[in-house]
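Asker: This is the structure I want to talk about, given as structure tokens.
Protein chains: 2
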Amino acid sequence: MLSSTEENYLKALLHLTFISEKEEAGTNEIAAYLDVKPATANDMLKRLKEKKMIKYEKYGKISMSDKGRILATEVLRKHRLWETFLYEKLEFTWDEVHEVAEQLEHIQSHKLVDKLDQFLNYPKTDPHGDVIPNAKGEMRAPFKKTLAEIESGKTCKMVAVKDNTAPFLQYVVKVGLGINNKIKVISRQSYDSLMEIEVNGKKSHVSQKFAENILVL
Amino acid sequence: MLSSTEENYLKALLHLTFISEKEEAGTNEIAAYLDVKPATANDMLKRLKEKKMIKYEKYGKISMSDKGRILATEVLRKHRLWETFLYEKLEFTWDEVHEVAEQLEHIQSHKLVDKLDQFLNYPKTDPHGDVIPNAKGEMRAPFKKTLAEIESGKTCKMVAVKDNTAPFLQYVVKVGLGINNKIKVISRQSYDSLMEIEVNGKKSHVSQKFAENILVL
DNA sequence: TATATAAGTTAGGTGAGTCTAACAAATTAA
DNA sequence: TTAATTTGTTAGACTCACCTAACTTATATA
Numbered sequence: 369m370l371s372s373t374e375e376n377y378l379k380a381l382l383h384l385t386f387i388s389e390k391e392e393a394g395t396n397e398i399a400a401y402l403d404v405k406p407a408t409a410n411d412m413l414k415r416l417k418e419k420k421m422i423k424y425e426k427y428g429k430i431s432m433s434d435k436g437r438i439l440a441t442e443v444l445r446k447h448r449l450w451e452t453f454l455y456e457k458l459e460f461t462w463d464e465v466h467e468v469a470e471q472l473e474h475i476q477s478h479k480l481v482d483k484l485d486q487f488l489n490y491p492k493t494d495p496h497g498d499v500i501p502n503a504k505g506e507m508r509a510p511f512k513k514t515l516a517e518i519e520s521g522k523t524c525k526m527v528a529v530k531d532n533t534a535p536f537l538q539y540v541v542k543v544g545l546g547i548n549n550k551i552k553v554i555s556r557q558s559y560d561s562l563m564e565i566e567v568n569g570k571k572s573h574v575s576q577k578f579a580e581n582i583l584v585l
Numbered sequence: 369m370l371s372s373t374e375e376n377y378l379k380a381l382l383h384l385t386f387i388s389e390k391e392e393a394g395t396n397e398i399a400a401y402l403d404v405k406p407a408t409a410n411d412m413l414k415r416l417k418e419k420k421m422i423k424y425e426k427y428g429k430i431s432m433s434d435k436g437r438i439l440a441t442e443v444l445r446k447h448r449l450w451e452t453f454l455y456e457k458l459e460f461t462w463d464e465v466h467e468v469a470e471q472l473e474h475i476q477s478h479k480l481v482d483k484l485d486q487f488l489n490y491p492k493t494d495p496h497g498d499v500i501p502n503a504k505g506e507m508r509a510p511f512k513k514t515l516a517e518i519e520s521g522k523t524c525k526m527v528a529v530k531d532n533t534a535p536f537l538q539y540v541v542k543v544g545l546g547i548n549n550k551i552k553v554i555s556r557q558s559y560d561s562l563m564e565i566e567v568n569g570k571k572s573h574v575s576q577k578f579a580e581n582i583l584v585l
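Quick mapping for you: the protein sequence lines, in order, are chains Z and A. The first sequence: position 44 = 412 (the working numbering), numbered continuously. The second sequence: position 113 = 481 (the working numbering), numbered continuously.
Here's what the structure looks like:
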């Protein structure tokens, strides 16, 4: 069994590879993601290699083994199930769930995960619209178009966010946006890509960076 | 904020003092309870004294400070709320809840505890019949009579167990016992206190030791 | 292509939480 | 009341997860 810290490194690697459609990641990249020093990450990566969770050669790029990816996916599944529980059953808001789920995802009990899944009626996505891997560790490949790619005059539906940090989520709420909301792209400035959008009758101006973090269908 | 390990030492001390109606505990006693060596417990007790969580003099008995007792009671509250959740909402059995609750009790989030309490409709006792401290850390003093003290021919109602280990709980189930079951004491051997009891029409013979771990009303 | 910069690694150190072995104090029993 | 036993403490060592400082290898650029 892995420690919480080891699980966090695998989860980081899953985000940096599988989820971002790359195959490999570097030591510094992982260290930056987890907010530790490269030397620290290097130590841990050695241990995870020993445990056959990841694959890499000295000075080379790092990728996950099947074993590592399965384990990381299980942690991701737990994270997203707990987020759903907090949001749906305990009245947590969208931007509060992540922090607590970061703790809950490390609870070790297969029965707990399965029963939680059942209790929540086998949800497909978490409150952020992200896909919840099933008990076999499978994740249906999702959508992947950002608001920034939508043409002027078109309407789309928000299904997820890419950035899960509280400041971003709070800003999303301020603009009046939420999962499954319809977004109409009114116009776009060509010189800086500033967009005017309309959500539930409310008009707002959003930046290119903001639009790139809103996933739509 | 304390580590999970520190919280576990305080919880142990709460069990060994407040709950068992003693005032103080010894280093070896605490070490045995937590299944670590006395030297290990000694190190930790020094740290908890530094942090003003416990009170003791070198070579003397250990008692809790108000601060320590409040903190330990909060952990106990979380433990028992999670046990209730697992039992009532996730269909865990009586003897499965403890192990998982041991992990869940260390999740840090006041909102989580309060919302969980609300979600469970402010339960008074956990699945073992033990009182759940309220949000202020108050525990109504309960019952406290054991099956061993019941006279022949009398009937009583089981409200809790003293021993929460899986082997004991499994044995309890085997005898057909559960919370709120009526128990009739049929007879008692005077020379070794072996008791014959009847639960839901089923008769069993139980030892003095067993009877001392069943709390009744 | 030589070198400056970026990326990755090693060596040595820290605190938390555990251990063993040796020792000191307190309690119990002869 | 002395000796044996139990209880508690200290010292030194280990692993995990982190650090800094110094080093090596790879990559990018002048």
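Quick reminder that beta carbons are idealized off the backbone N, C-alpha and C, glycines included. Since this is a predicted model, take the numbers as computed values, not measurements.
Are the beta-carbon atoms belonging to Z:K420 and Z:K435 less than 8 Å from one another?
Answerer: It is a contact, given that the beta carbons lie within the stated cut-off.
Asker: With DSSP as the reference, identify every bridge partner of A:S572, one or two as the case may be.
Answerer: Partner(s): A:I565.
Asker: Between the Cα of Z:N376 and the Cα atoms of Z:E564, Z:A400, Z:F386 and Z:A440, which residue gives the shortest distance?
Answerer: Nearest option by C-alpha distance: Z:A440.
Asker: Determine the direct distance from the alpha carbon of Z:L515 to that of Z:I582, and round the result to whole angstroms.
Answerer: So the alpha carbons of these two residues sit roughly 6 Å apart.
Asker: Counting along the chain, where does the alpha helix (DSSP H) carrying A:K542 start and finish?
Answerer: First-last of the alpha helix (DSSP H) with A:K542: A534 to K542.
Asker: Using a cut-off of 8 Å between C-beta atoms, extract the partners of A:V499 located in chain Z.
Answerer: Going along chain Z, no residue has its Cβ under 8 Å from A:V499, so there is no contact; the nearest lies around 23 Å.
Asker: Please decide whether Z:S372 counts as near chain A, where near means a Cβ-Cβ distance under 8 Å.
Answerer: Answer no: the Cβ-Cβ gap between Z:S372 and chain A never drops below 8 Å.
Asker: In angstroms, rounded to a whole number, what distance separates the CA positions of A:K492 and A:L444?
Answerer: Using only the alpha carbons, I get a separation of about 13 Å.
Asker: Could you tell me whether the segment 467-479 of chain Z touches the segment 413-430 of chain Z, using the rule of 3 or more Cβ pairs below 8 Å?
Answerer: With a cut-off of 8 Å, the segment 413-430 of chain Z and the segment 467-479 of chain Z do not count as touching, because too few Cβ pairs lie within range.
Asker: What does A:I475 touch in chain Z if you count any residue whose Cβ is under 9 Å from its own?
Answerer: Going along chain Z in sequence order, the residues near A:I475 (Cβ under 9 Å) are V468, Q471, L472 and I475.
Asker: Could you check if Z:R399 is buried or exposed, using at least 16 other CB atoms within 10 Å of its CB as the buried criterion?
Answerer: According to the sequence as given, residue 399 of chain Z is Ala; it is not Arg. Z:A399 should be labelled buried.
Asker: With three or more C-beta pairs closer than 8 Å as the rule, is the segment 381-391 of chain Z touching the segment 445-456 of chain Z?
Answerer: No, the segment 445-456 of chain Z does not touch the segment 381-391 of chain Z.
Asker: Report the neighbours of Z:E384 on chain A: residues whose CB is nearer than 7 Å to its CB, in chain order.
Answerer: The question names Glu, but residue 384 of chain Z in the sequence shown is Leu. By Cβ distance, chain A contributes nothing, its closest Cβ being about 26 Å from Z:L384, past 7 Å.
Asker: Is the beta carbon of A:I547 closer than 8 Å to that of A:I554?
Answerer: Contact: no.
Asker: Identify which residue in A:A409, A:M432 and A:L370 has its Cα closest to the Cα of A:K390.
Answerer: Checked all of A:A409, A:M432 and A:L370; the closest Cα to A:K390 is A:M432.
Asker: Could you check how far apart the C-beta atoms of Z:W462 and Z:V541 are, in whole angstroms? I think they sit under 8 Å.
Answerer: Confirmed, about 7 Å.
Asker: Classify A:G428: buried if its beta carbon has 16 or more other beta carbons within 10 angstroms, exposed otherwise.
Answerer: Classification for A:G428: exposed.
Asker: Going straight from the alpha carbon of A:E392 to that of A:L381, what length do you get?
Answerer: So the two alpha carbons sit approximately 8 Å from each other.
Asker: By alpha-carbon positions, which one of Z:I430, Z:N502 and Z:S372 ends up nearest to Z:D482?
Answerer: The shortest C-alpha separation from Z:D482 is found at Z:N502.
Asker: If you measure beta-carbon to beta-carbon, which residues of the segment 439-461 of chain A are closer than 8 Å to chain Z?
Answerer: Flagged, chain order: L454, K457, L458, E459 and F460.
Asker: Compute the beta-carbon to beta-carbon distance between Z:S362 and Z:L562, rounded to the nearest angstrom, for a pair I have assumed lies under 8 Å.
Answerer: Within the shown structure, residues of chain Z are numbered from 369 to 585, placing residue 362 of chain Z beyond reach of any answer.
Asker: If we require 4 or more residues per run, which alpha helix (DSSP H) segments fall completely within the segment 372-430 of chain A?
Answerer: Complete alpha helix (DSSP H) runs here, min 4: 372-382, 395-402 and 406-418.
Asker: Using a Cβ-Cβ cutoff of less than 8 Å, which residues in the same chain neighbour Z:L545 once the five nearest sequence positions on both sides are dropped?
Answerer: So the list reads M526, I551, V567 and I582, once near-sequence residues are dropped.
Asker: Please list the segments of the beta strand (DSSP E) lying wholly inside the segment 480-535 of chain Z, counting only runs of 3 or more residues, in order along the chain.
Answerer: You should have 523-529.
Asker: Applying the criterion that 16 or more other CB atoms from any shown protein chain within 10 Å of the CB defines a buried residue, is Z:Y455 buried or exposed?
Answerer: Buried.
Asker: Is the beta carbon of Z:E459 less than 8 Å from the beta carbon of Z:P495?
Answerer: No, these two residues do not count as a Cβ contact at 8 Å.
Asker: Residues of chain A with a CB under 7 Å from the CB of Z:K379: which are they?
Answerer: None at all; the shortest Cβ gap to chain A is about 18 Å.
Asker: Under 7 Å Cβ-Cβ, which residues of chain Z neighbour A:L484?
Answerer: Going along chain Z in sequence order, the residues near A:L484 (Cβ under 7 Å) are L458.
Asker: Just to confirm, are Z:Q476 and Z:M369 a CB contact at a threshold of 8 Å?
Answerer: The answer is yes: Cβ separation under 8 Å.
Asker: Between Z:I430, Z:K513 and Z:I422, which has its C-alpha nearest Z:I438's C-alpha?
Answerer: Measuring from the Cα of Z:I438, the nearest candidate turns out to be Z:I422.
Asker: On the criterion of 16 or more Cβ atoms from any shown chain inside 10 Å, does Z:K379 qualify as buried, or is it exposed?
Answerer: Under this definition Z:K379 is a buried residue.
Asker: Distance check for Z:A407 and Z:E397, CA to CA, integer angstroms please.
Answerer: Their backbone Cα atoms lie some 12 Å apart in a straight line.
Asker: What is the DSSP secondary structure of A:I475, counted as helix, strand or coil?
Answerer: In the structure shown, A:I475 sits in coil (DSSP, three-state: anything other than H, G, I, E or B).
Asker: Which residues in the same chain have their Cβ closer than 8 Å to the Cβ of A:L484, if we skip the five residues on either side of it in sequence?
Answerer: Answer for A:L484: L449, W450 and F453, listed in chain order.
Asker: Starting from the Cα of Z:K457, find the closest Cα among Z:N489, Z:E519 and Z:V499 and give me that residue.
Answerer: Closest by alpha carbon: Z:N489.
Asker: Output the distance between the C-alpha atoms of A:G505 and A:G497, rounded to the nearest integer angstrom.
Answerer: Distance between the alpha carbons of A:G505 and A:G497: 18 Å.
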